[in-house]
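Chemist: Here's a structure for you.
Number of protein chains: 2
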Amino acid sequence: MDLDLIRELVVKSDTKIVLLVIDGLGGLPSPDTGRSELEAADTFHLDRLAADGLCGMTVPVGIGITPGSGPGHLALFGYDPLQYRVGRGVLEALGIDFDLRREDLAARGNFCTIDDAGLITDRRAGRISTDTCAALCRDLKDISPPGIELFVEPVREHRFLLIMRGSGLAEGIADTDPQQLGVPPLAARAERPEAQDTARLVNEFIAEARRRLADKHPANMILLRGFSKWPELPHMSDVFGLKAAAIAIYPMYRGLAKLVGMTVLPTGSTIQDELATLKERWRDFDFFFVHYKTTDSRGEDGDFAAKVAALEEVDGVVPGIRELAPDVFMVGGDHSTPSLIAGHSWHPVPFVISSRWCRPDRAENFDENSCRAGGLGTFPATAVLPLALANARRLTKFGA
Amino acid sequence: MDLDLIRELVVKSDTKIVLLVIDGLGGLPSPDTGRSELEAADTFHLDRLAADGLCGMTVPVGIGITPGSGPGHLALFGYDPLQYRVGRGVLEALGIDFDLRREDLAARGNFCTIDDAGLITDRRAGRISTDTCAALCRDLKDISPPGIELFVEPVREHRFLLIMRGSGLAEGIADTDPQQLGVPPLAARAERPEAQDTARLVNEFIAEARRRLADKHPANMILLRGFSKWPELPHMSDVFGLKAAAIAIYPMYRGLAKLVGMTVLPTGSTIQDELATLKERWRDFDFFFVHYKTTDSRGEDGDFAAKVAALEEVDGVVPGIRELAPDVFMVGGDHSTPSLIAGHSWHPVPFVISSRWCRPDRAENFDENSCRAGGLGTFPATAVLPLALANARRLTKFGA
Chain D
1 MDLDLIRELV VKSDTKIVLL VIDGLGGLPS PDTGRSELEA ADTFHLDRLA
51 ADGLCGMTVP VGIGITPGSG PGHLALFGYD PLQYRVGRGV LEALGIDFDL
101 RREDLAARGN FCTIDDAGLI TDRRAGRIST DTCAALCRDL KDISPPGIEL
151 FVEPVREHRF LLIMRGSGLA EGIADTDPQQ LGVPPLAARA ERPEAQDTAR
201 LVNEFIAEAR RRLADKHPAN MILLRGFSKW PELPHMSDVF GLKAAAIAIY
251 PMYRGLAKLV GMTVLPTGST IQDELATLKE RWRDFDFFFV HYKTTDSRGE
301 DGDFAAKVAA LEEVDGVVPG IRELAPDVFM VGGDHSTPSL IAGHSWHPVP
351 FVISSRWCRP DRAENFDENS CRAGGLGTFP ATAVLPLALA NARRLTKFGA
Chain V
401 MDLDLIRELV VKSDTKIVLL VIDGLGGLPS PDTGRSELEA ADTFHLDRLA
451 ADGLCGMTVP VGIGITPGSG PGHLALFGYD PLQYRVGRGV LEALGIDFDL
501 RREDLAARGN FCTIDDAGLI TDRRAGRIST DTCAALCRDL KDISPPGIEL
551 FVEPVREHRF LLIMRGSGLA EGIADTDPQQ LGVPPLAARA ERPEAQDTAR
601 LVNEFIAEAR RRLADKHPAN MILLRGFSKW PELPHMSDVF GLKAAAIAIY
651 PMYRGLAKLV GMTVLPTGST IQDELATLKE RWRDFDFFFV HYKTTDSRGE
701 DGDFAAKVAA LEEVDGVVPG IRELAPDVFM VGGDHSTPSL IAGHSWHPVP
751 FVISSRWCRP DRAENFDENS CRAGGLGTFP ATAVLPLALA NARRLTKFGA
């Protein structure tokens, strides 16, 4: 959907929209029972919502494409994830709640192992502990290429975040990770002329890091990838005319919401805390993105029963949201995370929208088979936001 | 659909296609009965057509987008309404059957009220009567900026049509309607350099109109918008190889048909007259667009029962059309106009195609739920024409 078209059609209204994102929502049937996580779970309230509302299956990026968290959420927020790309460095920064600024250049780092000849023998330095990682990051923190402020933040195990802060830093630096063993790390190479100065600064940092890590085997070198700056996405207030708020426990999702201009609301550590935050701030916003993570985590663990339990947990907040009487209430997912795959997958994702203006369909349950037969059919996730605006009577007619 | 591709594949044939457009066809269920207008109506012949044919739901512009009559029809005629835009001024001219020429610049006008300070106090001049509007239009008719022929035609209540005829008139004039009260009307501003002369002429007209209207309170000023010229759309004969005719009672739809090069056939004032015209001219054309308006009008009135009655009326001509044995017979709508909304809406529109070559589906009734479960699923309205051509054996193979 063309954002310029939507921007042209948006009208003011005081209607309210809630989008509950159940991360990694879709699943696959257990070979033992033939039932998916959603089919196995007792999700009474979601089923009732499906019966009342209009169901379908969203395709986050394209048929066969497995989305990361970034593209999966951007699509639900109405942004074509193929057009609006968020670099890995920036995602890593969002993921640890780093206060990224517009002049910052972010990269994802790995500690790795090189041999005496300088050839890579382990791209993950034997997966050192997060504590070791933090200590090593402290060792690198005060490297300061001239004119640049530097941040080296531990993430998890061998992974860290590199931020260079300063004026004139450019994107367009190729990864230094050759993605294979037995070869040396690559130099940071400028992919465009305007990135040459930045590449030089990165290479200075790498050289000094190598010196300081020389006796830290197995973590005696670093690899950097996903050099990226804050992506300039049009804000939801500008494109959709929405005063939007995000309620999410994990930093990554708060960060993605910030990219599109949502106000991130402080909340607690449970889905009940998120519901309480939604209630407290109900009057202050038009649009609420509420994020629930556990379904994805348990799916990634490959733990079918635990994903079922997580679905039942999030089901419990549905009545509380409905009590607020949003004009439009939608439940969907950023992608599927089938326990059988123990990771994200390309499968379409169940979706339901409920409003006064939904043409009812015959979908009676909130699961993959029922939603697929729903009135919305299988459709691009980028259409979720326009559909919400239409149902919230926030779009005027196109053409006379 | 890429028109160049279709043009490349079109082959000659003597097959005949009928497209019956039931304006504002789609609806929403009545809260009392749970049945939509189509479900409530006794549409025996349309139901039989659905049972014999292949059903689906068309999306006129995009998910969540409510189309005006222009985009809704262009899509059914095979033209992407986002690519081919028709200005409001041109649509207003088409709507009153004004004989628009290629050199004409059209704008939609409102009589409005300004106070002594020149600030707008009512954008619609208290909705003056159509008779008053006609008298005021006569007062403005003989204003003649040098080199320009001028037409000022009453439309309805405070609305009128302004046509400037002359060589070198350009599009790209911004609206003079500021769309708010308490501010003065805007001057006509050129949005491109080549429109500067035109803007000057428009401003001369506005200045003189203001003088002449000074004592005509509440209609003491005018606002103009949607400045546009005849849009150059490829004709159906050129793109689709069709000798196409339009049978429509209302000027707007005859006008839209003219834009794509259809021959507009004179007809009477009822759907039975339209059927008679179709029969009389059956030998002369390959493609017939037959338009039925009452469903949309009664939907816009919010009159559920009257929309049901209109559906039953148009159902009555279906056997007469089938008796002609068109190779392809299609029934669809330009958009939905649910009585509950009392206006156009974004909901997909029921559609049926019947030909020797349709793969039958399980849709047994012509209504929203049945068509949604039909063999065509939910698909873009711009695919209707290519589908018709295929079923009429008027498209050759793509690629060897």
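Chains as they are written, first to last, in this note's numbering: chain D, 1 to 400; chain V, 401 to 800.
Ideal Cβ placement from N, Cα and C applies to all residues, glycine included.
1) Out of Leu278(D), Asp142(D), Leu256(D), point me to the one whose CA is closest to His73(D)'s CA.
2) Taking Cβ positions, are Thr378(D) and Gly56(D) nearer each other than 8 Å?
3) Alpha carbon to alpha carbon, what distance is there between Glu323(D) and Val317(D)?
4) When Cβ atoms are compared, which residues of the region 763-778 of chain V fall closer than 9 Å to chain D?
5) Any idea what DSSP makes of Glu437(V), helix, strand or coil?
6) Kindly say whether Lys401(D), judged by its beta-carbon, lies nearer than 8 Å to any beta-carbon of chain V.
7) Can you check whether the C-beta of Pro350(D) is within less than 8 Å of a C-beta belonging to chain V?
8) Taking all protein chains shown into account, decide if His344(D) is buried (16 or more other Cβ within 10 angstroms of its Cβ) or exposed.
9) When the Cα atoms are used, what is the spatial distance from Gly668(V) to Val10(D)?
10) Using a C-beta cutoff of 8 Å, does Arg48(D) count as contacting chain V?
11) So, at 6 Å on beta carbons, what are the nonlocal neighbours of Pro429(V) in its own chain, with the 5 sequence-adjacent residues on each side left out?
12) Pick from Glu557(V), Ile622(V), Gly518(V), Leu420(V): whose alpha carbon is nearest that of Asp577(V)?
13) So is the beta-carbon of Phe98(D) under 7 Å away from any non-hydrogen atom of the ligand MG?
14) To the nearest angstrom, report how far apart Val155(D) and Cys133(D) are at their CA atoms.
15) What are the boundary residues of the alpha helix (DSSP H) that includes Leu724(V)?
16) Using a Cβ cut-off of 8 Å (strictly closer), state whether Arg19(D) contacts chain V.
17) For a cutoff of 8 Å on Cβ pairs, would you count Gly7(D) as touching chain V?
18) Along the chain, where does the beta strand (DSSP E) containing Lys692(V) start, and where does it finish?
19) Is Gly468(V) close to chain D, meaning its C-beta is less than 8 Å from at least one C-beta of that chain?
20) Determine the contact status of Asp684(V) and Arg625(V), defining contact as a CB-CB distance below 8 Å.
21) Mind checking who Arg108(D) pairs with in its DSSP beta bridge?
22) Please name the residue, chosen from Glu153(D), Arg123(D), Ile6(D), that lies closest to Gln179(D) on a Cα-to-Cα basis.
23) Counting contacts by CB-CB distance shorter than 8 Å, is Arg488(V) in contact with chain D?
24) Only counting the same chain, and skipping five residues up and downstream in sequence, which positions put a Cβ closer than 8 Å to that of Glu149(D)?
25) What does the Cβ neighbour count give for Thr348(D), buried or exposed, with the cut at 16 atoms within 10 Å?
26) Note down the Cα distance separating Arg600(V) from Ala245(D), rounded to an integer number of angstroms.
27) Short of 7 Å in beta carbon distance, which residues of its chain neighbour Met262(D), apart from the five on each side in sequence? Order them along the chain.
28) Of all Cβ atoms in chain V, is any one closer than 8 Å to the Cβ of Asp2(D)?
29) What does Leu428(V) reach in chain D if we use C-beta pairs closer than 8 Å?
30) Listed in chain order, which residues of the region 606-635 of chain V have Cβ atoms closer than 8 Å to some Cβ of chain D?
31) On the DSSP bridge assignment, give the partners of Met330(D) in chain order.
32) Could you check what DSSP says for Phe605(V) in three-state terms: helix, strand or coil?
33) Run down chain V in chain order and give the residues with a C-beta less than 9 Å from the C-beta of Gly399(D).
34) Between which residues of its own chain and Gly302(D) is the CB-CB distance below 6 Å, once the five residues before and five after are set aside?
35) Beta-carbon of Trp682(V) versus every beta-carbon of chain D: anything under 8 Å?
Modeler: So, from the listed chains and residues:
1) Leu256(D)
2) yes
3) 10 Å
4) Glu768, Asn769, Arg772, Ala773, Gly777, Thr778
5) helix
6) In the structure as shown, chain D starts at 1 and stops at 400, and residue 401(D) therefore has no counterpart that could be examined.
7) no
8) buried
9) 40 Å
10) no
11) The residues Arg435, Ser436, in chain order, have a CB closer than 6 Å to that of Pro429(V) in the same chain once the five nearest residues on each side in sequence are set aside.
12) Ile622(V)
13) For the structure depicted, the ligand MG is absent and the ligand set is empty, with no information on it obtainable.
14) Each residue's Cα considered, the two are about 8 Å apart.
15) Note, Leu724(V): premise wrong, no alpha helix (DSSP H); not H, not E.
16) The residue you asked about is not Arg; residue 19(D) is Leu in the sequence shown. Taking Cβ atoms only, chain V never reaches closer than 8 Å to Leu19(D), which makes this a no.
17) Residue 7(D) is actually Arg in this sequence, not Gly. Arg7(D) does not count as touching chain V.
18) It is worth fixing the name first, because residue 692(V) is Tyr in this sequence and not Lys. It spans 687-692 - the beta strand (DSSP E) in which Tyr692(V) sits, taken as one unbroken run.
19) yes
20) no
21) Its beta-bridge partners are Leu161(D), Arg225(D).
22) Arg123(D)
23) In terms of beta-carbon proximity, Arg488(V) lines the interface with chain D, with at least one pair separated by less than 8 Å.
24) Met164, Arg165, Gly166
25) Contrary to the premise, residue 348(D) reads as Pro rather than Thr in this sequence. By the 10 Å Cβ count, Pro348(D) comes out buried.
26) 47 Å
27) Met236, Ala244, Ala245, Ala246, Phe289
28) yes
29) Under the 8 Å cutoff, chain D gives Trp357, Arg359.
30) Gly626
31) Per DSSP, Leu19(D), Ile353(D).
32) If DSSP states are grouped into helix, strand and coil, Phe605(V) belongs with the helices.
33) Val461, Pro467, Gly468, Ser469, Gly470, Pro471, Gly472, Leu474, Pro481, Arg485, Val486, Arg488, Leu491
34) Excluding residues within five positions, the ones whose Cβ falls inside 6 Å are Ser339, Ala342.
35) no
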